[in-house]
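**Q** Quick note on numbering: the sequence shown equals residues 23 to 135 in this note's numbering.
Beta carbons: idealized from backbone N, C-alpha and C, even for Gly.
All figures in this text were calculated on a predicted structure; none of them were measured in a lab.
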Amino acid sequence: MSLEELHLNLRNLSSDDYEQLKSLMDAVYHDIGGAWPEHTIAKLIQEFPDGQIAIEDDGVLVGVALAVQVDYDEFSNPHKYDDLIGHREIILNNPDGDAMYGLDVLIHPDYRG
23 MSLEELHLNL RNLSSDDYEQ LKSLMDAVYH DIGGAWPEHT IAKLIQEFPD
73 GQIAIEDDGV LVGVALAVQV DYDEFSNPHK YDDLIGHREI ILNNPDGDAM
123 YGLDVLIHPD YRG
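1) Quick check on the DSSP output: what are the complete alpha helix (DSSP H) runs of length 4 or more inside the segment 42-73, in order along the chain?
2) Residues bridged to ASN31 by DSSP?
3) If you drop the 5 nearest sequence neighbours on each side, which residues of the same chain put their C-beta closer than 6 angstroms to that of ARG33?
4) Using C-beta distances below 7 angstroms, list every residue in its chain close to HIS29, excluding the 5 sequence neighbours before and after it, in chain order.
5) Taking the alpha-carbon positions, what's the SER37 to HIS52 distance?
6) I need the DSSP call for ASP126, collapsed to helix, strand or coil.
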């Protein structure tokens, strides 16, 4: 695929994207459980919409970055990812947090360079 063939658009993820996001996560994470539950994604979008980024090519979701706000002092020291994400069910976003914590970045295998 050449750069001329791409029609990329960067925008915030919305709850309407879940079916495409589920397909993307299932493709990328087929060997480790697949997509996160819809309610988890909905909570991320509701609590920190600016931290949920989508990349689409001609209207098809091909990449995503997911993030939350955290207290830097709490998560700047060594910690486990599970301290923040708790089995993909309850993600601890702190709306008063002073730092952004990247939870995940995924790109469709066909779009990796």
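**A** Considering the structure as presented:
1) Complete alpha helix (DSSP H) runs here, min 4: 60-69.
2) Sequence index remark: in the sequence shown, residue 31 carries index 9 (1-based). ASN31 is bridged by DSSP to GLU78.
3) Numbered from its first residue, the sequence shown carries residue 33 at position 11. Taken in chain order, the residues that qualify are ALA76.
4) On the sequence shown, position 7 is the one that residue 29 refers to. Answer for HIS29: ASP79, ASP80, listed in chain order.
5) Here residue 37 refers to the residue found at position 15 when the sequence shown is read from its first residue. Here residue 52 refers to the residue found at position 30 when the sequence shown is read from its first residue. Taking the CA atoms as reference points, SER37 sits about 22 angstroms from HIS52.
6) As a first step, residue 126 is located in the sequence shown; it is residue number 104 there, counting from the start. In this structure, ASP126 counts as strand in the three-state DSSP scheme.
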